[in-house]
Structures are given as C-alpha cells and as structure tokens.
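Trainee: Protein sequence lines, in the order shown, are assigned to chains A and B.
For the first sequence, the positions run 1345 to 1688 when the working numbering is used.
For the second sequence, the positions run 1345 to 1688 when the working numbering is used.
Backbone N, C-alpha and C define an ideal beta-carbon position, used for all residues, glycine too.
Number of protein chains: 2
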Amino acid sequence: MEKARITIKDVAKRANVSIATVSLVINNNARISKTTRTKVLNAIKVLNYYPSKSAQSLVSKKTRNLGFILTDDHFLRTEPFYTRIFLGAEFEAGRNEYYVLLATVKTDYNEGVQIPRFVFEGSVDGIIIAGKIPTELLSELLKFKIPLVCVDFYRNDIDYPVVLIDNIQGGMIATEHLLNLNHKNIAFLGGDINHPSIADRLIGYKSALQKANIKINENIIITNSPYPNRQNGYDSARLLFDNNNDVTAIFACNDAMAIGAMQYLKDNNIYVPQDISLVGFDDVEANLLLDPPLTTIRVPKIDLGVEAVKYLIEIINNKNTTSKKIIVPVELIIRNSTSEHYIK
Amino acid sequence: MEKARITIKDVAKRANVSIATVSLVINNNARISKTTRTKVLNAIKVLNYYPSKSAQSLVSKKTRNLGFILTDDHFLRTEPFYTRIFLGAEFEAGRNEYYVLLATVKTDYNEGVQIPRFVFEGSVDGIIIAGKIPTELLSELLKFKIPLVCVDFYRNDIDYPVVLIDNIQGGMIATEHLLNLNHKNIAFLGGDINHPSIADRLIGYKSALQKANIKINENIIITNSPYPNRQNGYDSARLLFDNNNDVTAIFACNDAMAIGAMQYLKDNNIYVPQDISLVGFDDVEANLLLDPPLTTIRVPKIDLGVEAVKYLIEIINNKNTTSKKIIVPVELIIRNSTSEHYIK
DNA sequence: TTAAACTAGTTAAACGTTTAACTTATTGAT
DNA sequence: ATCAATAAGTTAAACGTTTAACTAGTTTAA
C-alpha cells in the first residue's frame, strides 16, 4: 500500500483555492492576499507538503542544482583545503535551496577532455570550479555558456568570474603585525615567486614596509625555492641566517615554509619567539600542534565556498555578465610564535 | 536568442518514429527492432540529445539522486578517510547514472534532530550514512522507509543494511605476515577494546596465533588505553617493554598507535625492523613519510563507498528487504617496518 | 483455414508544477 | 455616474518524459 505523494492539488483542496493560488503562495507572489496566504501556508504545514522538484524544474527550466568541479587530487589532499571550500559551497547552496553535485576530474587527461556529466546533461544551473584544473577543460566548459565561477584559481588570459583571497592584504597585515611588535629587520621566505599568490604576498610585505618607511632589504627576501614546502622552508632559513644576523622576524609565504623554518631554528637553538618571531600563511591544522603554535594568516576556506556560491547564484538570477573579481579578506591569527622585539 | 532544448520530439521527427519509440529505445526496451533502434540511436547522436532528468523523474518517480550523510567533523578530518569513501560512492554512482547529494550533520545536535533536506523533500532515491552519526538521527532516518545503507558504522541493536571492513581478516593477515617472518612473540597494541573494530582485530590476531599453535600470551596484549592515538601508542609501547624483553614484533591496532610505538622505539634506540618488526592498520598517508615506511593493513576506503552504492542501488531496484552485512576485505601492504626474525 | 499468439510499433493520458491570459470585484478619478 | 485602474484570484496550456492500452501485420498451431 504505497502512500501517495501529497501534491499541490491536495493543498489546494484543503485550502479551498485553486492550485495556481498555491503555486503563487509558494513562490511568494504579491498577488495573493494575506488571508489567503496564511490559509494556504497552513494547509501546506498540516499536510506536510513539499513541492516536487522535478515538476518544478520541468516547467521552470531551473534544476536548483549547482555543479562543483575539482581535480581528484585536490579533493583527496590530506590538508582539507578544497574539502572546506566544498563544504562552504554546500552550506550556502543549502541556504538558497540548491543542491550541489560534485564532479572530480583527473589532473592529467590523456584520454581527451572529460566534461562532467552534469554539464551536458543540463543537470545544473551553474558550476563552480575550485582550484587549478587543466586549461583545456576550462576552455571547453566556457563554451557551454553556462554560468560559471572559479574559486582559488585564476588565469589572466581569459576573463571570467572568479573568487580569490586577498593575498596582498594578507602580506600586509602579516608584516604590519611584526612592525607593530617593533621588528625592523623582517625577512620574507617565499617559494616560487612566479606563483601569483606568492608574488602578491610579497607585494603586501613590501608595501607594509614602505608605509612604515623601512627600506626594503633584498638580501633578506629569499625567493629561490621551486616550491613552498617544509624542506624548502628549512633550506631557505639556513640560507637566510648564513648571510644575515640582524633579522629578528620572518614572514614565511605559507605555513609549510614556516614549519620548515621553525625546525631549522630549533635545530640551531634559536628560540621562537624570544629570538625570532615567525608568521606563516594559510592556517593549516598542523599549526596548533607546533611548539610554539604558529601566528599566521587565516584563509577563510569556508567563506571562499560561500562567496563562490553567492556569486554564482547572482549570475544565474541576474544574468550578470560583467565578470568581476571577488576578493575575500584574510585574517591575522595571533598565536605564540610572535612577540615584541626589545632593542638590547 | 535562446537556443531551445532538444527534446524527444526532435529525435522522433528525425528518426521518423513516434516519441514512444524513442523512449523505448532509451530505456532499452526489447520491443524495438534492431533497425529502428539504430535509426533512433543515430538521431540521438546527431542531435546530441540528452533526456530531461526532470521530465523523467516526474513520471518515473525516481530522482536518480543518492543522499550521502556524514557528520561535519568526519568530513573535515585531516586524514581523508570519509572523503575517500564519498569519492568512491560518487564514482560508483556516476557509473550507474546517479548523482550524489552530500549533507553534513552536526555531531552534537542540541537543537533537535536535523534531517537532511533531501530526505523529506524526496530528492533522493536512497541514502548512505558514513561513519558514526547520532543514534537519534539514525532512528529518525529509518522511519522514512527510504532505502538506506550504513558504511563503516554498525549498531547491533538495530537491523539494517551495512557495509563494513573485515577487521578479523585484517588482524589475521597482519599476524600471519609476522608469523611467516619467523616471529613467535608478537605483541598486540590495542586502544579501547570495547570498540568493535579493535575487538575484531584482536580476534583475528588470536586466531592466527592459534592456527600456528602459538600460545597466546596475555602479557603482551596491551589494551588499556582509552583511545588509539599516537600518544597512547607511545605509552603502550613503554608499558610493553618495561615488562617484557622477548617480544620481536608488534601488531598495532591502527597506524596512529604504530607511529607512537615507533617513536618510542626510536627514543630507546631499538631499531625497526632489525630489532622489532611493526605492523599497523589503516594505511594512512603519513605512513609513507615514516622512517622506515610502515607495513600495514590497507583499508580500501574507495571500495567501501563503491560497495555501499552498489548495495544501495540493489535495494532500490529489487526492494531487497533482507538487510545483509557486506564485509569488504582488507589488504596487507608490506613496506620496510617488518623483516625476518633470525634466532640469534 | 482460422484463431490465437507474437512482433513492432503508436496513441494518448498522466506525472506535478508554473504562468500567461483571463475574470470578477473593488476602488479611484473626473 | 461612468470608466479606468487595480486587486485577488482562476483557468488552462505547457514543460518533456513514461507507459498502459491499443493496432496492424506476421507467425504459429491445430
């Protein structure tokens, strides 16, 4: 004995109105009087009615689904960076009564470009691309003329909507924090300077120094490692201290580099923060387990997802074709790896 | 100039058949001759036609969506355990032309039980529950009479479909591996013995020893820590070696414990694997970075997701009401933390 | 030879909404 | 007093499928 689905007809009957009226109430149409509205709303509640998604999308041509695309290795990274962005997207989508469909694509695509199924099946109203995906895939996706926003990934040869974090501001507030603690000789430990994020962080660093009228010392800006990981953080710190002895603070371009640098300092009996203050960037989980816990710039991953969805929905609704850049601010998280510098 | 959607009508027209015929071809109905079928298939390809999901589900009452529920902390865990299960589910769902909708629920639910939206909205044909969720939520979910399978989570007071890993087998093959390497005095480092998984691993350990006719020595079975983490692994190892000196191998109930034990051994200048062979369980990513890399039991997380979806789809299709248990086998991964024991 | 049984399709209703176009009653302006 | 404008609904078509019931032609069985 299947219990039949409760439809708009049942609601209409119980509220003594036409099904059109019920529909208009559901869609918050102003044409319905307050009395009728509450009567209908009541019937909906009593009957525990939920409109059929399929019937709705059949006529409205909206699926109320959003696609979320990332590479499988991004999704599976130990550090839950993109997972958090996805979760933020999922949250914001839910608030707007959207569902999000995930598709992972392979990082290397030998066997041609693989367009996620929901794109050509028309199962989504828009898509979010998180992190770097193969260039060809992006171009293919753009051809579909489907609303699309990229998050934490930017190519400046194409113009499309994008949500990014404010790397320049991050570099600035990290450096300003150290300046406020009386540090003058602040080193920058960067990885690959060609990476746009790192370049921006360096810009922030430099502009904070300039604003404080401190001359930029290129000798304590280390940007020759290919990739910003722990090992290179360690090596960069060594390089730094082999050639300089008046540095009192370090701004590392990410937490991994900072952790590596911290290890170097520990190995050489240099105390953090008594001898050297240290600031990272990203706010990865491991930071809390460090001794001392790392002062860093928090990247609001959840927010990135939230903003991406907000922006995407805006595009879907307004057909807003101007592809702006949304820059999400970052935040300074003060822990114990930084302290005031006293001139001895 | 919106380009109109290509519908079944267009295909029918082009293939010179009725729309019913097209539908029957799409659904692989045997009533259609081979000639007509290929004619239709051809039209579909030429026109690049994809059936409208909403129209399909409106009449078929199937959404072709699967719900995936886990707690937010499980989803955000640094170690991508549930993320992998989710990905496996996503893969298998895609292969069967399903989409999966994710919902995270809060671990502690002060404000009443929170049923994911897709459940009462009827947006999914079935749901997968991954990992432990609040008991009340599970009971509420079961009330909906919607097809449901739990993965990596089991309560033996309720009877429902479940996909689990074979902990007993895992305990056995881990122990047998050590036995094959000539070890006789093999310790077991367990956390909370009340946890069903750990209890099962111990059962596997014991039965392997019995099969090899080796007497079980309760003194080298350490199961008094509340939780199997690194610290407790370290402490358990200390406890073990404080009271025993003939142990030549350790089977730790999970990798975290193993890593803790390895640290203890390192701190006490006991060499792995020369002095002590060590086997873990789980195969977490960190194992590869260890020195030496850890021999362990791999839990096939992707497979867990795959199996859960397979099972769920089976239930959806066959209305199979017998709620069986699916046990996914685990695999021994031999790295460098184990080696042959030579009697000196 | 004839009826029954297949085979390979077609017709048309149904699924549960939205929405343009219509209706009817009320209000406002002149 | 008259007509236009507004308010608050209703009617009915449309969205793109599936599928039960039907049809017409061909085989099979006795």
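According to the neighbour-count rule (16 or more other Cβ atoms, all chains shown, within 10 Å of its Cβ), is I1502 of chain A buried or exposed?
Mentor: Classification for I1502 of chain A: exposed.
Trainee: In whole angstroms, what is the alpha-carbon distance linking G1470 of chain A and T1448 of chain A?
Mentor: 16 Å
Trainee: By alpha-carbon positions, which one of B:L1391, B:I1517, B:A1387 ends up nearest to F1464 of chain A?
Mentor: B:L1391
Trainee: Just to confirm my understanding: we take I1560 of chain A, look at its own chain, exclude 5 residues before and 5 after, and list those with CB closer than 8 Å. What are they?
Mentor: K1550, L1553, Q1554
Trainee: Only counting the same chain, and skipping five residues up and downstream in sequence, which positions put a Cβ closer than 7 Å to that of D1590 of chain A?
Mentor: N1529
Trainee: According to the Cβ coordinates, are P1424 of chain B and L1420 of chain A closer than 7 Å?
Mentor: yes
Trainee: According to DSSP, R1642 of chain B sits in a beta bridge with which residue or residues?
Mentor: Beta-bridge pairing links R1642 of chain B to B:D1626, B:E1675.
Trainee: Quick check: the Cα distance between M1345 of chain B and A1399 of chain B, rounded to an integer number of angstroms?
Mentor: Note that M1345 of chain B has pLDDT 46, beneath the 50 cutoff, so the model's placement of it is unreliable and no number is given.
Trainee: Restricting to runs no shorter than 4 residues, where is the alpha helix (DSSP H) found entirely within the stretch 1492-1543 of chain A?
Mentor: 1511-1524
Trainee: Is there a C-beta anywhere in chain A that falls below 7 Å from the one on A1600 of chain B?
Mentor: Not a single C-beta of chain A is nearer than 7 Å to the C-beta of A1600 of chain B.
Trainee: Among A:F1462, A:A1433, A:P1395, A:L1410, whose alpha-carbon lies nearest the alpha-carbon of E1651 of chain A?
Mentor: The shortest C-alpha separation from E1651 of chain A is found at A:A1433.
Trainee: In terms of residues, what are the limits of the alpha helix (DSSP H) holding G1438 of chain A?
Mentor: 1425-1439
Trainee: If you measure from the beta carbon of K1450 of chain A to each beta carbon in chain B, is any gap under 7 Å?
Mentor: no
Trainee: Compare the Cα-Cα distances from D1417 of chain B to each of B:Y1426, B:L1410, B:P1644 and report the closest residue.
Mentor: B:Y1426
Trainee: Looking at C-beta atoms only, is the number of pairs between the stretch 1597-1608 of chain A and the stretch 1523-1540 of chain A that lie closer than 8 Å three or more?
Mentor: yes
Trainee: Let me know if T1682 of chain A comes out buried or exposed under the rule of 16 or more other beta-carbons within 10 Å of its beta-carbon.
Mentor: buried
Trainee: Classify N1573 of chain A as helix, strand or coil using the three-state DSSP reduction.
Mentor: coil
Trainee: Could you list which residues in chain A have their beta carbon closer than 7 Å to that of K1397 of chain B, in chain order?
Mentor: E1465, S1467
Trainee: Less than 6 Å between C-beta atoms, sequence neighbours within five positions excluded: which residues of the same chain meet that for N1511 of chain A?
Mentor: S1541, D1544, R1545
Trainee: Taking T1380 of chain A as part of the alpha helix (DSSP H), name the residues at either end of that continuous run.
Mentor: 1378-1391
Trainee: Find the nearest neighbour of S1580 of chain A within the set A:A1593, A:T1592, A:E1562, A:G1604, judged by alpha-carbon distance.
Mentor: A:G1604
Trainee: At the level of alpha carbons, what is the spacing between P1395 of chain A and V1493 of chain B?
Mentor: 26 Å
Trainee: So, using beta-carbon positions, are G1624 of chain B and L1638 of chain B closer together than 7 Å?
Mentor: yes
Trainee: Taking just the CA atoms, how far does N1573 of chain A sit from G1535 of chain A?
Mentor: 8 Å
Trainee: Please report the straight-line C-alpha distance between D1619 of chain A and Y1504 of chain B, rounded to a whole angstrom.
Mentor: 60 Å
Trainee: Within 10 angstroms of its Cβ, does S1483 of chain B collect 16 or more other Cβ (buried), or is it exposed?
Mentor: By the Cβ neighbour-count rule, S1483 of chain B is exposed, with fewer than 16 other Cβ atoms within 10 Å of its own.
Trainee: According to DSSP, what are the bridge partners of T1415 of chain A?
Mentor: A:V1449
Trainee: Would you say F1367 of chain A reaches chain B, if we count a Cβ-Cβ gap shorter than 7 Å as a contact?
Mentor: Here residue 1367 of chain A is Ser; the residue named in the question, Phe, does not match the sequence. Taking Cβ atoms only, chain B never reaches closer than 7 Å to S1367 of chain A, which makes this a no.
Trainee: What residue does the alpha helix (DSSP H) around A1399 of chain A start on, and which one ends it?
Mentor: In the DSSP annotation of this structure, the continuous segment of the alpha helix (DSSP H) that includes A1399 of chain A starts and ends at 1397-1404.
Trainee: Please classify K1476 of chain A: does DSSP put it in a helix, a strand, or coil?
Mentor: coil
Trainee: Report the option in A:E1684, A:A1364, A:T1592, A:T1451 whose CA atom is closest to the CA atom of A1474 of chain A.
Mentor: A:T1451
Trainee: Based on the DSSP secondary-structure assignment, which residues constitute the bridge partners of F1595 of chain B?
Mentor: B:F1532, B:V1623, per the DSSP bridge assignment.
Trainee: Is the Cβ-Cβ distance between V1444 of chain B and F1412 of chain B less than 7 Å?
Mentor: yes
Trainee: Given a cut-off of 7 Å, decide if R1582 of chain A and Y1608 of chain A are closer than it, judged by their beta-carbon atoms.
Mentor: Result yes, Cβ atoms of Y1608 of chain A and R1582 of chain A sit closer than 7 Å.
Trainee: Within a Cβ cutoff of 8 Å, which residues of the same chain sit near Y1578 of chain A, ignoring the five residues on either side of it in sequence?
Mentor: G1604, A1605, Q1607, Y1608.
Trainee: Give me the subset of the stretch 1413-1436 of chain A whose CB atoms are less than 9 Å from a CB atom of chain B, sorted by chain position.
Mentor: D1416, F1419, L1420, R1421, T1422, E1423, P1424, T1427, R1428, F1430, L1431, E1434, F1435
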